[in-house]
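To convert a position in the sequence shown, counted from 1, into the numbering used here, add 50.
For every residue, glycine included, the Cβ atom is placed at its ideal position computed from N, Cα and C.
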Amino acid sequence: MEKEDQEKTGKLTLVLALATFLAAFGSSFQYGYNVAAVNSPSEFMQQFYNDTYYDRNKENIESFTLTLLWSLTVSMFPFGGFIGSLMVGFLVNNLGRKGALLFNNIFSILPAILMGCSKIAKSFEIIIASRLLVGICAGISSNVVPMYLGELAPKNLRGALGVVPQLFITVGILVAQLFGLRSVLASEEGWPILLGLTGVPAGLQLLLLPFFPESPRYLLIQKKNESAAEKALQTLRGWKDVDMEMEEIRKEDEAEKAAGFISVWKLFRMQSLRWQLISTIVLMAGQQLSGVNAIYYYADQIYLSAGVKSNDVQYVTAGTGAVNVFMTMVTVFVVELWGRRNLLLIGFSTCLTACIVLTVALALQNTISWMPYVSIVCVIVYVIGHAVGPSPIPALFITEIFLQSSRPSAYMIGGSVHWLSNFIVGLIFPFIQVGLGPYSFIIFAIICLLTTIYIFMVVPETKGRTFVEINQIFAKKNKPCHKAEEQATWGDTRSVNYQLSTTVFCLANKTDLITSYQDIPVLCEQRKATGVTPRSPAAEGGWSPQSRIWHGESHRHSLPREGMGERCKDVTCCV
C-alpha cells in the first residue's frame with residue numbers, strides 16, 4: 051500500500067534531483083550570471099573601449115559613441131534573448147528538451163571564450179557580438195529548462211521543480227555580484243575572467259547531462275517510442291511499475307491526436323486555447339513591466355540617498371541579491387502548499403504596495419529625514435514579493451496550462467513577450483525617470499494592479515492536477531462549442547478542435563455533439579434539438595477507437611467520409 055501511494059505521488063529520486071541540478075545550473079544559472087556580470091566592471095570595460103578606439107584612431111572616442119557602444123553591449127543581451135525564444139519551438143521539436151539544452155551550450159561556451167580573449171584581441175566588437183550569443187543562450191534556456199523539468203517531474207513535485215530554474219537565475223545574479231566586487235574580479239585585469247566564467251556551467255552540463263533521461267512525454271507523444279518513455283520514467287521514479295503515469299501520458303496523446311502540431315500562428319487563431327494564450331501574455335508581460343528591472347536600476351541611488359557610502363553600495367546590492375535567492379528558495383518549498391495562484395496574487399500585491407509606498411518615500415525623501423530608510427525597506431519588500439510569485443511562477447504556469455502539441459509554441463510566445471518587455475523597460479525607463487522622477491513607479495504600480503485583477507478573475511489553481519485536468523478547467527472558459535452554426539463535414543474539427551481530453555465531431559445527418567474520449571457519456575450533454583443522448587461505449591453503436599468517432603444510432607461511418615456535409619445547429623457545449 052505504501053508503495054502504491056508513492057507511485058501515485060512520486061518522490062525526488064537522486065536521478066531526478068541531479069537532472070534538475072544539471073539543467074538549471076548549466077542553463078538558468080548562466081541567464082542570471084550574464085544579467086549582472088557587466089554591471090560592476092562597466093567602468094573598466096568602457097575604459098577598454100576608449101583605449102582600443104584610441105589605439106586604432108589615435109584619438110579618444112566621443113562621449114556619444116561610447117554611450118552608444120555601451121548601450122549596444124547591454125541591450126544585445128535581451129535582443130539575443132528574443133531571438134533565442136523564437137528558436138525554442140524548432141529546437142525542442144527536433145532535438146528534444148534535453149537535446150535542445152545540450153545544443154544551446156554552443157551559445158555559451160563560444161562567447162565565453164571570445165569574451166575572455168577580447169582584451170588580448172583588443173576588440174570590443176567581440177564583446178558586443180558575444181553578448182548577443184549569450185542572450186540567445188538565455189532566451190533558449192529560460193524557456194526549455196522549465197519545459198524539461200515540468201515534463202520530468204511527477205505532478206506533486208512539478209511546482210517545486212518548476213521554480214528551481216528561477217532559483218538558479220537568482221543564484222547566478224548573486225554569484226556575478228560577488229565575483230564583481232572590486233576586491234575580486236571587478237578590476238582592470240579581472241573583468242575578462244569575470245565574463246569568461248559563464249562557460250564553466252555550460253561545460254559541466256555538456257559533459258554530464260547526456261547520461262540523464264530525455265522527457266518521457268517527448269519520447270512517447272512526439273517520438274512514439276513507448277519503450278524509451280517507459281525506461282525514462284522508471285529511471286526518474288526509481289521503480290519499475292510506471293503504468294499509471296504512462297496511461298496519463300497516453301491520455302494526453304489521445305487528446306491531441308486530432309490537433310496535430312500547433313504552430314505559433316495556429317495558436318493565435320485557436321479559440322479553444324484563447325484564455326491560456328492571453329494568460330501567458332499577461333503573466334509574462336506583467337513579470338517584466340511590473341518594474342523589477344527599474345527597482346534594481348534605482349536601488350543604488352536609493353542606497354546612496356540613505357547614507358550608504360559609494361564604495362559600500364556594491365555590498366548592499368549583493369545583500370539584496372541574497373534576499374532574492376533566499377525568498378526564491380522559500381518559494382520552492384511553499385509552491386505545492388500554497389498553490390501557484392495564491393503566490394501570484396501575494397507577489398503582485400506585495401509589489402503593488404511597495405511601488406506605491408516607494409513613490410511616496412522618494413517624493414518626500416528631501417523633506418523627511420527618515421524617508422530614505424523607508425525607500426530601502428520598499429526595495430527589499432519589492433524584491434521579496436517578486437521572488438515569491440511574479441519571477442518564478444509564469445514559466446511554470448506555461449508548462450502546466452498547455453499540452454504537448456502547443457507547449458513549444460506557447461513558450462515561444464511567452465519567451466518573446468518576456469524579452470521584448472525586458473528590452474522595452476530598459477530602453478524607456480531612463481526617459482520615464484527624467485520625465486516623472488519619483489512618480490515613475492506609479493506606472494509600475496498600475497501594471498501590478500491590473501495584473502493582480504486579471505489573476506484573481508481568470509487564472510485557476512493548477513496545483514496537484516494533471517495537464518489534461520488543467521486544460522479541462524480552461525475549456526470551460528474558452529467555450530468553443532456554445533450555440534454555433536457551422537458547416538461541417540464528417541469528422542471535421544476545424545471549429546471545435548480544442549485541447550482537452552475531448553475532440554468534438556459533427557455527425558452527418560445528425561446534429562448531436564460528439565466527443566472522442568472514454569468519458570463521452572459524462573462530458574457530452576444531450577442534444578437539445580433532437581433529443582439524441584450519447585450512448586455508452588459498451589452499447590451497440592458506441593465508441594470505436596479505430597475511427598475515433600462516436601457512432602450515433604445507425605450511422606457507422608469511418609473517418610473521414612466525403613460528401614456528408616450537414617449543419618450543426620444549437621450545439622450544446624459538452625464540457
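Asked: The segment 199-213 contacting the segment 128-143, beta-carbon criterion three pairs below 8 Å; Found: no
Asked: Reduced DSSP secondary structure (H/G/I, E/B, other) of residue 230; Found: coil
Asked: Residue 169, DSSP secondary structure in three states; Found: helix
Asked: Cβ-Cβ distance between residue 182 and residue 368 below 8 Å; Found: no
Asked: Buried versus exposed, by CB contacts within 10 Å (16 or more), residue 108; Found: exposed
Asked: Pair within 8 Å by beta-carbon distance, residue 245 and residue 72; Found: no
Asked: Per-residue burial, residue 118 [other beta carbons within 10 Å of its own, 16 or more giving buried]; Found: exposed
Asked: Pair within 8 Å by beta-carbon distance, residue 217 and residue 370; Found: no
Asked: Contiguous alpha helix (DSSP H) assignments of at least 4 residues, all confined to the segment 270-332; Found: 276-287, 293-306, 314-319
Asked: Given residue 441 as reference, the closest of 128, 121, 213 once Cα atoms are compared; Found: 213
Asked: Straight-line gap, residue 339 to residue 276 (C-alpha atoms, nearest Å); Found: 43 Å
Asked: Sufficient close CB pairs (3 or more, under 8 Å) joining the segment 286-299 to the segment 444-451; Found: no
Asked: Beta-carbon separation (whole angstroms), residue 381 vs residue 437, contact threshold 8 Å; Found: 7 Å
Asked: Limits of the unbroken alpha helix (DSSP H) element including residue 105; Found: 92-107
Asked: C-alpha distance - residue 466 paired with residue 455, whole-angstrom precision; Found: 19 Å
Asked: As assigned by DSSP and simplified to three states, the class of residue 376; Found: helix
Asked: Alpha-carbon to alpha-carbon, residue 491 and residue 92; Found: 26 Å
Asked: Separation of residue 457 from residue 505, as counted between CA atoms; Found: 21 Å
Asked: Whole-number beta carbon distance between residue 206 and residue 439, since they are thought to touch under 8 Å; Found: Residue 439 to residue 206, Cβ: 20 Å. No contact.
Asked: For residue 420, three-class secondary structure by DSSP; Found: coil
Asked: Nonlocal neighbours in the same chain, by C-beta distance under 6 Å from residue 10, ignoring five residues either side; Found: Residue 10 lies beyond the stretch modelled for the chain, which goes from 51 to 625, so this question has no answer here.
Asked: Beta-carbon proximity of residue 330 to residue 460, cut-off 8 Å; Found: yes
Asked: Residue closest to residue 423, alpha-carbon to alpha-carbon, out of 435, 408, 434, 433; Found: 408
Asked: Range of the contiguous alpha helix (DSSP H) that encloses residue 346; Found: 342-355
Asked: Given residue 289 as reference, the closest of 66, 219, 523 once Cα atoms are compared; Found: 66
Asked: Buried versus exposed call for residue 351 [16 or more other C-beta atoms within 10 Å across all chains shown]; Found: exposed
Asked: Alpha-carbon to alpha-carbon, residue 494 and residue 432; Found: 12 Å
Asked: From 81, 434, 427, 496, residue whose alpha carbon lies closest to that of residue 376; Found: 434
Asked: Whole-number beta carbon distance between residue 425 and residue 356, since they are thought to touch under 8 Å; Found: 7 Å
Asked: Residue closest to residue 43, alpha-carbon to alpha-carbon, out of 234, 188, 507; Found: Only positions 51 to 625 of the chain appear in this structure, which leaves residue 43 out of reach.
Asked: Of the listed residues 266, 522, 518, 148, nearest to residue 292 (C-alpha basis); Found: 266
Asked: Contacting residues, own chain, Cβ-Cβ under 8 Å from residue 243 (five flanking each side not counted); Found: 166, 235
Asked: Alpha carbon of residue 521 to alpha carbon of residue 410, nearest angstrom; Found: 43 Å
Asked: Assumed close pair residue 191, residue 80 - CB separation to whole angstroms, cut-off 8 Å; Found: 7 Å
Asked: Proximal residues to residue 105 (C-beta, below 8 Å), its chain only, five neighbours per side dropped; Found: 172
Asked: beta-carbon residue 493 near the ligand SAM non-hydrogen atom, thresh 7 Å; Found: Absent from the structure shown: the ligand SAM. Ligands present: none.
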